[in-house]
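To keep things clear, I will list the structure first and then write my remarks on it.
Protein chains: 4
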Amino acid sequence: MPISIQSRFAFTLDVPTDVLLQFEAAPIPEQNILRSNTDVSRSEHFARVAAQDDIGERIWIRAVGDFEVEYSATVEIERQLADISRLEGLSPHDMPGEAVQYLFDSRYCPADRFQPFVEAEFEGTSGGARVTAIREWVASHFEYVPGSSGPETGAADTFISRQGICRDFAHVVVSLARASTIPARYVACYSPGVTPQDFHAVAEVFLNDPETPGGGTWQLVDATGMAEPCDTVKIGVGRDAADVSFLTSFGPSNFRSSSVQVTKE
Amino acid sequence: MPISIQSRFAFTLDVPTDVLLQFEAAPIPEQNILRSNTDVSRSEHFARVAAQDDIGERIWIRAVGDFEVEYSATVEIERQLADISRLEGLSPHDMPGEAVQYLFDSRYCPADRFQPFVEAEFEGTSGGARVTAIREWVASHFEYVPGSSGPETGAADTFISRQGICRDFAHVVVSLARASTIPARYVACYSPGVTPQDFHAVAEVFLNDPETPGGGTWQLVDATGMAEPCDTVKIGVGRDAADVSFLTSFGPSNFRSSSVQVTKE
Amino acid sequence: MPISIQSRFAFTLDVPTDVLLQFEAAPIPEQNILRSNTDVSRSEHFARVAAQDDIGERIWIRAVGDFEVEYSATVEIERQLADISRLEGLSPHDMPGEAVQYLFDSRYCPADRFQPFVEAEFEGTSGGARVTAIREWVASHFEYVPGSSGPETGAADTFISRQGICRDFAHVVVSLARASTIPARYVACYSPGVTPQDFHAVAEVFLNDPETPGGGTWQLVDATGMAEPCDTVKIGVGRDAADVSFLTSFGPSNFRSSSVQVTKE
Amino acid sequence: MPISIQSRFAFTLDVPTDVLLQFEAAPIPEQNILRSNTDVSRSEHFARVAAQDDIGERIWIRAVGDFEVEYSATVEIERQLADISRLEGLSPHDMPGEAVQYLFDSRYCPADRFQPFVEAEFEGTSGGARVTAIREWVASHFEYVPGSSGPETGAADTFISRQGICRDFAHVVVSLARASTIPARYVACYSPGVTPQDFHAVAEVFLNDPETPGGGTWQLVDATGMAEPCDTVKIGVGRDAADVSFLTSFGPSNFRSSSVQVTKE
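Residue numbers (numbering that gives the first Met the number 0), protein chains in the order written: chain A, 0 to 264; chain B, 0 to 264; chain C, 0 to 264; chain D, 0 to 264.
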């Protein structure tokens, strides 16, 4: 069942300004892009560069005045879905190079500080069972409160305040997973279950499927409960929200509006 | 003039434990490894994985008991040296994908917070001149004080306390460069000028050499003044110290000793 | 030349809520309250309690619905004015008990962290000369930017971002003074020079006037340059902004409006 | 049953230095000081000043060289003991001026940040029942780990790491109480149950005893479980550990040793 995406956003640049955009479904094996159309305002400069881990692309523009982005796509999800609670953790020494970086602390995910907590709170669990326990603990102890966090809010703040938005839920899950020595990254995505409809973010963890020889597999985890792995369309990944944003302006910009519509066809 | 390196360190693991090591000169074009020898204690498991940006390798071991690492190498530096103050900054929209990630905030480098500071303090400079101004400002305003910082210390703390070690100097330079929209990363290295001799860390910035068509070039910057680009041997790179450590233990470990000797032959 | 004050503010409480108010000129020896009138909406409960250091009063109300406060006063300033740069610092062991608490770190003023900075930046100065140097350094290195800070912003954040409002300037001065072993507190006040007119905050330091036997004297310091000690009307004092607020609501409240007019008669 | 206290500590000052000491049982109504002896090394200057809230005294010394403090006392506790779980909270508007300051955030107790947490975790409780729930939650979720915290550690750090020493346990209790609109302060004390014997710190909350007309009463709360209110001897109080320390040196000092012995006679 393909997923249909329509997103648009608009901003104004008073002077010629460089802007980094990342809003398109990533053309990766697990996502079959059946159709896609990107329509942006005229700009002085337009260039595509590979995004983190070669998952998706970032777009550099340099423009001035009113700028609009309109994107539509139809995507078929073909990822391997797994019952996360049955997956195993990899021993650190079995982790491939590309997963190692996702064990480390990042801007919004000071994972080391959570080690005593995860050892006490989730004692006796490991691997996928640990991840499931983390997701359930976050889901039941944190409240989704739009406006309760800002661009400086990290997982430590959210852990204390017990409230946030999708970005904050993802940061806490990522931090608690890394504190459990499970590689975890941040995924910007589209998903039809997000209410109200908007750009979304979830966590992704690296676990071992004992039935699939050769190791690790990335699995989506959404503690907000809104995005199902079977209908989540990945835009890009990163250590945390510092790495993946649909709009990063290298100079003053006025954000005017955005709308997102994601449906199952 | 080749650089000769001898380093050794020893630690004890009370139970079988996974440990990540990164201590060898990276075999990259700018470093000609004339000779190298790595000698480690017997371990249950030993594997090499690619390190960040494919610069050097990390070694996974799983071992128990006393563990020793002994490394020696002779390296010829062949990097393009440049007078940094003459290099230009790239416009963001000209930055390649692999440099973009080094514009963002990381665990110990909350660069965004320094934007008003760099704009005021280094007003009128850009590109290499900005980097030179940053290096000189850090060199003259910060004191090198062993023991004044710890594993949680980040660039914001160091900016306040005005003291730290090589790691802290590098974090401040990286943060102020990124706040100036100059990609900057953290480099673990060996260098003969480090006093007392030890593992070292410096910053590296991405600038444009107008005489070299095709763009950007990474340039080493050491605000401690101890490591010259012409005799610095890179081990690995990362966003900041969270990414590059000569020893990361995934369980309790007792560090026993280390010694480093780097000389010009 | 008396100072004339008119201030009003209004807020709405959806359910019966306790609110703490502090907005009146403090009746202390250095301020002769020639005339004053406080007019507040009807409330279920109204009580006055002494404020910090017995300087001024706080008002407890319990009310529901629209609530308005209207205050007017005429105050003659009779404080001892001094050329701060000529005052001396007290040795810690000569400080009276009531000044000692203002040497310590507080919520928004982590003074200890600034010790290496003040020793390096203001080397060779002490006492009033140190305070003058601090005020001038803050005045010339920080920008007054409404909206650049929030309720969580402390002196460490402001020291990094180099911008803020009166509250932030006061926090930095207080922190740098305490780091210099000079007792310093936070003063909520009215002053005619504040532009645009609003509730204001400044720092106050405890120094020794060699011509006045018996010691210490509190002296106002405003690094924003808007409030002169000769025409500043104190409302209350505290360790920092955590202690002194014109409105603290113990439950949800909607702030509707405020206006302040302070003039020299 | 009187409590017998013997404490001593020693430090060295290389140059003449001001030091603030606070180590004696406070002579307050609830503590009958049957006998006390303070013996300190010769000093250039020795002065007593009132400590916070006029509870106990601080001693200023100025000295150089080896300095020793020897203190012994016998104290009879005569405080009103209460079953905290039966006490009521005061409405904010009924709180006296001297309790109001203990509702606010302080250096190590950023209480505001914990409001959503206490509302969710301790829902349905208030007053003494809330305090009992907080004490039990901290006692069962935090581990007493000497060496796990340092002078910069605050309640937010401890809430994340779930481990600390008496000071950290007290900071968390104080923060969660204030977040519940219950005035709470930090108490430095001696108590025979502290293992190993040492200077100790606990929290104290302000509640209403419905059987005692006229209001509020301060009640000791120790989430480490080591100090019973019936045998705890108060030294001094403050907002948090920033205010109460047995030794604060205004210059370099080398701490040599300390010993504490507290017994029930």
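Glycine included, C-beta positions come from ideal geometry on N, C-alpha and C.
Expressed to the nearest angstrom, what Euclidean distance is found between the alpha-carbon atoms of residue i and residue j?
i: Val39(C); j: Ala241(C); result: 24 Å
i: Tyr189(A); j: Ser179(A); result: 27 Å
i: Glu142(A); j: Thr131(A); result: 18 Å
i: Thr211(C); j: Pro28(C); result: 17 Å
i: Cys165(C); j: Arg85(A); result: 56 Å
i: Glu67(C); j: Ser42(A); result: 52 Å
i: Asp281(D); j: Ala128(C); result: In the structure as shown, chain D starts at 0 and stops at 264, and residue 281(D) therefore has no counterpart that could be examined.
i: Ala62(B); j: Glu69(B); result: 16 Å
i: His199(D); j: Arg238(A); result: 42 Å
i: Ile76(D); j: Glu56(D); result: 18 Å
i: Lys233(C); j: Gly153(A); result: 38 Å
i: Glu23(C); j: Thr37(C); result: 8 Å
i: Gly123(D); j: Arg184(C); result: 38 Å
Given residue i, which residues of its chain have a CB within under 6 Å of its CB, disregarding the five upstream and five downstream residues?
i: Thr216(B); result: Asp208
i: Ile58(C); result: Leu20 and Arg47
i: Asp52(C); result: Val236
i: Leu26(D); result: Note that residue 26(D) is Pro in the sequence shown here, rather than Leu. Same-chain partners within the cutoff: Ile32.
i: Glu264(A); result: Pro1 and Ser3
i: Gly250(C); result: Thr16
i: Ser174(C); result: Cys108, Ala110, Phe113 and Ala154
i: Ala119(C); result: none
Looking at the secondary structure, which residues open and close the beta strand (DSSP E) in which residue i lies?
i: Gly235(D); result: Val232 to Gly237
i: Arg78(A); result: No beta strand (DSSP E) contains Arg78(A), which DSSP labels as neither H nor E.
i: Ala46(B); result: His44 to Ala49
i: Cys188(D); result: Ala183 to Tyr189
i: Ser6(A); result: Ile2 to Leu20
i: Arg85(C); result: Careful: Arg85(C) lies outside any beta strand (DSSP E) and carries neither H nor E.
i: Glu203(D); result: His199 to Asn207
i: Arg255(D); result: Asn253 to Lys263
i: Thr247(D); result: Leu246 to Phe249
Strictly below 8 Å CB to CB, what residues from chain B border residue i?
i: Glu142(C); result: Pro115 and Ala119
i: Ile234(C); result: Per Cβ cutoff of 8 Å: no residues; Ile234(C) is ~30 Å from chain B at best.
i: Ile159(C); result: Arg112, Phe113, Phe116, Ala155, Phe158 and Ile159
Residue range of the alpha helix (DSSP H) that residue i falls in?
i: Ser139(D); result: Gly126 to His140
i: Phe168(D); result: Cys165 to Ala178
i: Ser160(A); result: Ala154 to Ser160
i: Val220(D); result: Unbroken run through Val220(D) is the beta strand (DSSP E), Gly215 to Val220; no alpha helix (DSSP H).
i: Gln30(C); result: Note, Gln30(C): premise wrong, no alpha helix (DSSP H); beta strand (DSSP E) at Gln30 to Val39.
i: Gln114(D); result: Gln114 to Glu120
i: Val99(A); result: Gly96 to Val99
Which same chain residues end up closer than 7 Å to residue i when comparing Cβ atoms and leaving out the 5 residues on each side of it in sequence?
i: Ser256(C); result: Phe8 and Ala9
i: Arg112(D); result: Ala155
i: Ala98(D); result: Pro182, Phe205 and Gly215
i: Arg34(B); result: Ala72 and Thr73
i: Phe168(A); result: Val137, Phe141, Ala222 and Thr223
Closer than 7 Å by beta-carbon distance: list the chain D residues that pair up with residue i, in chain order.
i: Phe103(C); result: Ala241 and Asp242
Going by beta carbon distance, what residues of the same chain come within less than 8 Å of residue i, once the five residues before and after it are set aside?
i: Gln114(D); result: Ala178
i: Asp104(C); result: Ala110, Asp111 and Arg177
Using a Cβ cut-off of 9 Å, pull out every chain A residue sitting near residue i, in sequence order please.
i: Gln218(B); result: In chain order: nothing, as chain A lies at least about 21 Å away.
i: Val204(B); result: Correct list: empty, because the minimum Cβ distance to chain A is about 16 Å.
Would you mind telling me which residues of chain C sit closer than 8 Å to residue i, beta carbon to beta carbon, in chain order?
i: Ile27(D); result: By Cβ distance, chain C contributes nothing, its closest Cβ being about 16 Å from Ile27(D), past 8 Å.
For a contact defined as C-beta to C-beta under 7 Å, what are the partners of residue i on chain A?
i: Gln100(B); result: Gln51 and Asp242
Item checked: Positions along the region 108 to 120 of chain C whose CB lies within less than 7 Å of some CB in chain B -> Within the region 108 to 120 of chain C, the qualifying residues are Arg112, Phe113, Pro115, Phe116 and Ala119.
Checklist line | Near-chain C residues of the region 159 to 191 of chain B - C-beta to any C-beta below 7 Å | finding: Per Cβ criterion, the list reads Ile159, Ser160, Arg161 and Gln162.
Checklist line | Chain-ordered residues of the region 77 to 94 of chain A with a beta carbon less than 9 Å from chain B | finding: Of all residues in the region 77 to 94 of chain A, Ser90, Pro91, His92, Asp93 and Met94 have a Cβ within less than 9 Å of some Cβ in chain B.
Item checked: Contact list for the region 235 to 261 of chain D against chain C, Cβ threshold 7 Å -> Answer set for the region 235 to 261 of chain D: Ala241, Asp242 and Phe249.
Notebook entry, point to check: Name the residues in the region 37 to 55 of chain B whose C-beta lies less than 8 Å from a C-beta of chain A; which are they?
Noted result: Near chain A, meaning a CB-to-CB distance below 8 Å, the residues of the region 37 to 55 of chain B are His44, Ala46, Val48, Ala49, Ala50 and Gln51.
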